[in-house]
Every structure is written in structure tokens, then in C-alpha cells.
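The structure appears right after this line, and notes come after that.
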Amino acid sequence: MSIPLNSRAELWAAAACLAAWACLAACNRVDAVPDLPGATDESTLRIQEASQGHYGNLFIGVGNIKRSEYTDEAGAKKTGLTAWLFIANDSGPKNETKINVHPGQKVTAGAYTFLVQEIRKAKRGSVCLQFETTPAPQKTPPPSKP
Amino acid sequence: MKTANVGLLLLSCLVAHAWQAAAQGTAADAEPSIHGRTQPPPDAGKPPAQPSRRASAGDCAAAAQDAAALRAYEGAKLAWNLRRISNVGESYGLAPCKDAQAGVDKASACRAAFDALYDAECGTAQDDAACAAAKNEKSEAALLDSQNARLSNDLRTRAKERAALAACSQGAAAGAQGGGESGALSSGGASSGGSGSGARSAGSAAQVAPMAAAAPALPGPSNPPPSPAPAPQFPSLGDIWNSVTKTASDTWNGVTDTAGKVVSTVTGAVVSGGKAVVGAVTSTAYTIAKLPFNVGTAIAKAGSTLSNNAGGGVLGFLKGAAGTILNATGQILQAPWRISKYILPSLNSNHPDFTNVDCELLFVFNCNGPKAKYARVKGELFVPGNYSVAVTTDDIRQTDIGDCYFMSSMAAIAETHPGWLVNHIHDNGNQTYTVTFFDGASPRTVTVNNEFPVSNPKDANPNPVFAYFGRHDAGTNQNVIWPMVMEKAYAEKSFNGSYNWIGNGGWPDQALNTLTGKKTVVYSPGSVTFDQLAKWLGDGNAVVIASTPGGGDGEWYDDGKIAHSHAYFLKSLNLKTRTITMGNPWGHHDAENLTEKEFQQNVSGVYVNPVE
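In order, the protein sequence lines correspond to chains U and E. For the first sequence, the working numbering assigns the number 5 to the initial residue and increments by one for each residue that follows. For the second sequence, the working numbering assigns the number 5 to the initial residue and increments by one for each residue that follows.
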């Protein structure tokens, strides 16, 4: 059976797409550690690379996700995904710090402690943080009567 | 210099949507008017001229010019606030707000009506959101009231200054006493005083003049407030029914209470445009059986009881349901839990979607979008407050979505043309804002309201999940929301379609073109020198800079000094030290002090737009 030329071209295109998808899928990497006990949706913050998330008074930017060497909490040398967290406190633009993190690392920033639960490297990577401390409600009382 | 094609930069924050829909919508409306929050008068921050020495003619002329500029600005600002509170109040059917723009006294009465509205909503509200929203209304009214108090105090200062100048021109520059419009604005009360004028400092005389001319005339000796019109005996469409008092001996076409007695007091009924809105009522359970006019729809007040609806025009009430809408025969058409849902422009259906904002383009995961709902936020478009300018890059905080290309473009314009941004966002006074973008060179307006995706919609002060609040003015307890307004307008259905479309990356040149209507030129960083950057800045260009795509190495990225695949804006350039600082639209972690070589090595594109 012969395949018409344009159908063959379509097959080639489909095959090329499949190959590209497989290649890109292989590039998709996820390094993760078990969830923090008691973690909920409310205490979990996923931040896309080159953007920032907001939790309580913290603004946390994520950037430069890459595979590199680091020393884990047990002191062992490892190779895996790391990311930079750019952390600022809402109280002022100069109240800021940055830290290179790996999965399983715990970070304390201001009144908050969080676990770096997952780092995902993809075309648009992300970092998943799980907080031990929940943000205080930011309600303000209604204005007093005149 | 050679113009470069930056090519296929797949930047996380800058990823272009190959299939992004062409912008839709209608042709441009007229450009919104300037509304008095522009650049400061040159000497706005200076204290008033001291009349303690004999002034020269030149001194007097200069002082007079300064005072005139300040008066024009303050007058315009006051008029703007008064008009705003009046418009919002009227939209709620609050009769005292009808004349609020006539002066500060009226504005205070309007605020009291807002308080009553709040009490009613929170006394019988069926859900927390309605109560929280009412709190916002109340606090906004309080804010405007306090601003007006401060402004009126400033005007008193100006009046004293004017008196001093009069003495100055006569060669007796001392002992100026208050006068002028101070008496007419006597309800101003305590305030931050004259400091407000300098600190707020907006608008040169030339710039504020159109606003001052367009503003309602301010009350004063030469322009006394109008006498209140007598309440009409029998309301008709378009009339204001204010404080109509009935006594036991009066009858008015069968207006009776549930016990068959005559209604004692009803205030604040407004009839306009075929809709009857009942404002504050002093009786909580009564019936109005029939009114001598036809009512298209009626919005009842909480605590009232639905009357009989026999024939003709009937204005009814429904117990416990604020905002219930009745038809001409008293039947319930709609029972919203907030009056504003009916009164305010209904744009809910046009809210841009965000449910897929976190989706990968090729590998679908985490596609649920943020857990957020639309709710009104507490904030002011611009809060000059204690700041010297209405718009700065400090207001911009990109959050949660990948629209750094857009936020940095706004920041770049704010850096070089803050007044230009102010002039392209118009506060319509009814909690909606009209933003002027450009489709090519043609202006195109997008109107949005002040509801934004928030993480805690039931809180009194919900937090936005995307572009975050700008500066917070502790004096007025208000947050700047202009970047949120701009982002929402950019994401609006009629424009780009949704937050999903703008939040997964894009190109700075497209954003700059849309914002300014001028064409952006893209340069390869390897060919850009600091001298060239300095010339662009000097010429007033907005400059956005893209970092290199992810995956690359290098000291600046390994050390976290700069983020991959991100858009920055040109914040400062030091030609002495030959270093550059690129501003970060996150609002923190600028890329500071890059040398020329580092800049050329770590940047993938430079986007230059002339703005105007």
C-alpha cells in the first residue's frame, strides 16, 4: 500500500512532533520531598519561575532553576534541582534577602518557616513551598463612627 | 546601531503566545480627561511666603503666581473629591449626597448617609461579603471626607496667603489674617494642615487649569453655595424626595403603615430614570400602598415590609432584603443582597478569566489556577498622600502570573513619564476606571471596575492575587491600585481576553506599543553601550530590558544577582561608575550595578519606546 505524498508529509510532521514532545518531556524534571505533615492547600504556595508569590507579609520571587550540586540537610553532597528565592518583607522594599534552595530545605524568613517541597524544571519551572506558619488574617476594623 | 531581531527567546515570563488572539473590541473612544492629579507645581513643597519683610514687586508677583497655582490645584482636587463622593453617594440613592459637591458640609452629610447604609447592610446582611463591601463604602466615604477636611484647611491657608499678598502689593507685608473662602469651608476641622498641599503637590498651574475650569464652582464669598431647593410636595420622576415628613393628620394618596396609620417619616427616596430608590428610612416596618406616580422598578430598604401591590404605581418594601427590586406592580424582579449590584455598572460578566493562568503551554499541570474570587478591593487609583508624585515604579509589584513584560513596560513609562500614565487612567467616579491603550496608533479605551481576583474575598480588606497594591499611604490608610487597574484592563475580555492570556509570558515591545501607541525598537544588547542608553533616557524613552532565557549559566545568574527569563526596566544609569541598575517589577531585588560588559553578557534584548 502506498501512502500519498501529502499524507506521508503529515505522518512525518506527526512523528517529528512526537519526538519533540518526548524530548521536551524528558527535559521536564521534578525533584521533590514528602509533604510537610499537616500541609494544606492554604499552607502551600506554588510559584512559577520568573514570577513571585505572596504569603502573609512575604513576597517570594523564584528564578534560575537549574541542576547543580548542593549539600543536603544530612550533610551529603547531592546533584539536583536548585532555585533562587528572592524574598522581600512587605514592610519595605529594602527588607529583602535571597537564598539558593534545594528540595527538603527549610527556610525561615521573618515570622515564617517553610519547606521547599518541590522544584520543577520545565519550560516554565516552579517551586512549591509548604509553610509551617499560617499568615495572620489581615482584617482591619471598620472605621469608627463620626 | 543595528536593530536586532531578538528571535526565538522562550522566556518564562516573556514567552509569547504564538496563537494569541488578535485584539478585539470597538474603536477608540475619546481620550479620558485629565483629572487633576498630575505634576506638582514647581514650588508646591515650599512653605507659604512669609510676609515678615517688605517684599519687592518681583517677590509679590512670584508669590502670587505660586499661590494661584496652589489654589488651582487644591480647588481642583477638592472639587474632584466632592464630585466623586457625590456621584458614588447618588448612585446609592443617598439623598444627602445629591448636593455633596457643593461643599464640605454637604460631603459630611453624605458620609453620614454612607454610615447609615453600612449599618443597614451589616444589621440585616445575609452574608459577610455584603457587610464587608458596605464597610468599604463607609471607609471610602470617611477617607474622602478626611481628604476634604485637609483640603479645606489648605484652602484656608491659601486664603490667608492671599490676604498677605494683598498687603504685600500695598507695601505692608505683615499681619495677614484669614479670610476668603475659609468661612465657607468651615467644616474642615482638624487635618494635616498646610503640609498637604506641598506634599501632595501635583499639577503645574498650566496642567491643573483645565480641571479647575471644569470643576464645579467652589463655595466662597464670591460664589455662595446654592440655597437648598424646597422638597417637592409630590415626587415625580427625576425628583428628589428628601425628608418628607407626614403627620398623623396628613394623608398622601393612601400612604399608610401596616397598622393603617399614616407613615410618619420617610427620607431619601430618589426617583430618577424610571427607577425609584428608597434611601434611609426612619421607620422599620410600614407599608406604602401607593404612590401618585408610576415606578418602573423600586429598590427596597432592609427592615421594610412588602406592601400590597394593587394596581398603578406601587412602591413596595420587602422586610430584611436590602436591594430587592420590585416591578411597577410590586412584584419582586430581583433580590440582590447588595444595592450596588444593581446600581453600579454591572461588569461582572466581563471579568477576565484566570482559571488557567498557571497552565504550562505544552505540559499541562497545575491547571486549576489560583484559588481566588473577584471582590472589590480597598484602594485609591492614585494616592499622592505624603508622596510627591502620584505614580512611581514603587507602585508596581508583579505577583503570581508571568506578565513581567507588561509590568516592566509600565514601570519603564512610570520612570520617565509618570504624568503620562496618570493621564491615561481615568477615574470615572463610580468605582470604574477607563484605561486608554493603543491599537497601533489609535487610542482604544477599556473600562474596568474595582473588583479584582483576591485570595480572601470575605475579608474587609481583601488581598489581590495578581498585580499587588502599590504604595500604602499611612495618612489616608489607602493603597495605590493603578497597576492593578492597568493589568486588569490589559487582561479584559474585550482586549486581550483573560489573565490566562497575559499571564503566561509575552513580549515587552508588544506591551510598550499597546501602552503608548508608539513603535518600540528592539536592540541586541551586544551592540548597546551605556552612552547610547544615556541618550535614550535623556530623550525620554522608556527602556525595558530582558534577561537571558533559562538554562544559561554565568556568575550573575548563579549568584542570584539577576533572574533568568525576566523583564526588567532601566532604573538608573551611572556614567561616572559606568554601572546600571535594572529595576525588578516584583518591587524588590533589582539587578544592581552591572558593568557595561556584564550588561551586554547577561541581557538578551533592549526595548526602547519613545512614549510620546
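We put the CB at the ideal spot given by N, CA and C, even for glycine.
CB-CB under 6 angstroms to residue i, same chain, minus the five flanking residues each way: which ones, in chain order?
i, result
"residue 420(E)", "544 and 546"
"residue 72(U)", "86"
"residue 476(E)", "483"
"residue 101(U)", "91"
"residue 40(U)", "119 and 134"
"residue 225(E)", "Because the pLDDT of residue 225(E) is 33, which lies under 50, any placement of that residue in the model is unreliable, and the number read from its coordinates should be weighed accordingly. Nothing listed; no residue qualifies."
"residue 472(E)", "401 and 403"
"residue 507(E)", "361, 405, 406 and 407"
"residue 532(E)", "610"
"residue 233(E)", "For residue 233(E), the pLDDT reaches just 38, beneath the cut-off of 50, and the residue's location in the model is therefore unreliable, although a value from the coordinates is still provided. If we look at residue 233(E) and ignore the five residues flanking it on each side, it has no Cβ neighbours."
Under 8 angstroms by Cβ, that's how I've got residue i and residue j pegged, so tell me the actual separation to the nearest angstrom.
i, j, result
"residue 152(U)", "residue 591(E)", "Limits of chain U in this structure are 5 at one end and 150 at the other, which puts residue 152(U) out of reach."
"residue 385(E)", "residue 431(E)", "5 angstroms"
"residue 564(E)", "residue 573(E)", "Residue 564(E) to residue 573(E), Cβ: 19 angstroms. No contact."
"residue 609(E)", "residue 526(E)", "6 angstroms"
"residue 530(E)", "residue 604(E)", "5 angstroms"
"residue 487(E)", "residue 414(E)", "6 angstroms"
Just grab the DSSP bridge partners of residue i for me.
i, result
"residue 2(U)", "Nothing can be reported for residue 2(U), as the shown portion of chain U is limited to 5 through 150."
"residue 584(E)", "577(E) and 598(E)"
"residue 447(E)", "442(E)"
"residue 119(U)", "110(U) and 134(U)"
"residue 62(U)", "59(U) and 93(U)"
"residue 35(U)", "123(U)"
"residue 482(E)", "477(E)"
"residue 128(U)", "Residue 128(U) is not bridged to any residue."
"residue 457(E)", "378(E)"
Note down, in chain order, every chain E residue with its Cβ under 8 angstroms from the Cβ of residue i.
i, result
"residue 113(U)", "Here the premise fails: no neighbours, minimum Cβ distance about 13 angstroms."
Using a Cβ-Cβ cutoff of less than 7 angstroms, which residues in the same chain neighbour residue i once the five nearest sequence positions on both sides are dropped?
i, result
"residue 381(E)", "454, 456, 458, 466, 468 and 485"
"residue 489(E)", "385, 429, 437, 439 and 452"
"residue 29(E)", "At residue 29(E) the pLDDT is 29, less than 50, meaning the model places this residue with poor confidence; the figure from the coordinates comes in the next sentence. Hits under 7 angstroms: 448, 498 and 499."
"residue 492(E)", "356, 452 and 456"
"residue 613(E)", "516, 520, 522, 524, 545 and 546"
"residue 496(E)", "354, 356, 450 and 452"
Whose CA, out of the options, lies closest to the CA of residue i?
i, options, result
"residue 117(U)", "35(U), 59(U) and 52(U)", "59(U)"
"residue 470(E)", "447(E), 572(E) and 494(E)", "494(E)"
"residue 528(E)", "538(E), 561(E) and 611(E)", "611(E)"
"residue 521(E)", "411(E), 567(E) and 449(E)", "449(E)"
"residue 407(E)", "41(U), 76(U) and 56(U)", "56(U)"
"residue 78(U)", "126(U), 106(U), 61(U) and 44(U)", "106(U)"
"residue 426(E)", "396(E), 357(E) and 410(E)", "396(E)"
"residue 542(E)", "579(E), 531(E), 506(E) and 507(E)", "579(E)"
"residue 137(U)", "42(U), 70(U), 88(U) and 51(U)", "42(U)"
"residue 602(E)", "509(E), 566(E), 414(E) and 447(E)", "566(E)"
"residue 552(E)", "54(U), 123(U), 76(U) and 99(U)", "54(U)"
"residue 33(U)", "128(U), 124(U) and 131(U)", "124(U)"
"residue 36(U)", "127(U), 103(U) and 83(U)", "83(U)"
"residue 126(U)", "76(U), 68(U), 45(U) and 44(U)", "68(U)"
"residue 516(E)", "416(E), 377(E) and 534(E)", "416(E)"
"residue 540(E)", "519(E), 577(E), 501(E) and 379(E)", "577(E)"
"residue 412(E)", "597(E), 514(E), 532(E) and 598(E)", "514(E)"
"residue 52(U)", "89(U), 112(U) and 38(U)", "89(U)"
"residue 445(E)", "548(E), 518(E), 593(E) and 461(E)", "518(E)"
Along chain E, which residues have their Cβ under 7 angstroms away from the Cβ of residue i?
i, result
"residue 68(U)", "561, 564, 567 and 568"
"residue 102(U)", "564 and 593"
Anything in chain U within Cβ reach of residue i, meaning under 9 angstroms, just list it in chain order.
i, result
"residue 359(E)", "The premise fails here: residue 359(E) is roughly 15 angstroms from chain U at the closest Cβ pair, so nothing lies under 9 angstroms."
"residue 404(E)", "51, 52, 55, 56, 57 and 58"
Do residue i and the ligand NAP come close, with the Cβ less than 7 angstroms from some heavy atom?
i, result
"residue 598(E)", "Summarising the ligand content, the structure contains no ligands, and the ligand NAP is consequently not present."
So which residues of chain B does residue i contact, with C-beta pairs closer than 8 angstroms?
i, result
"residue 65(U)", "Among the protein chains of the structure shown, namely U and E, there is no chain B."
List the residues of chain E whose Cβ lies closer than 9 angstroms to the Cβ of residue i, in chain order.
i, result
"residue 90(U)", "564, 567, 588, 590, 592 and 593"
Would you mind telling me which residues of chain U sit closer than 8 angstroms to residue i, beta carbon to beta carbon, in chain order?
i, result
"residue 375(E)", "45"
"residue 3(E)", "Summary: the structure shown does not reach residue 3(E), with chain E confined to residues 5 through 616, and so no result is reported for it."
"residue 472(E)", "58 and 63"
"residue 475(E)", "Near residue 475(E) there are no residues of chain U at all, since even the closest Cβ is about 10 angstroms away, more than 8 angstroms."
Could you name the residues of chain U that residue i contacts, counting a contact when the two beta carbons are closer than 7 angstroms?
i, result
"residue 437(E)", "Near residue 437(E) there are no residues of chain U at all, since even the closest Cβ is about 23 angstroms away, more than 7 angstroms."
"residue 380(E)", "Chain U residues near residue 380(E): none, gap ~15 angstroms exceeds 7 angstroms."
Ordered along the chain, which non-local residues of its own chain (more than five positions away) have a Cβ less than 8 angstroms from that of residue i?
i, result
"residue 418(E)", "395, 396, 397, 399, 400 and 425"
"residue 115(U)", "60, 61 and 137"
"residue 48(U)", "121, 132, 133, 134 and 135"
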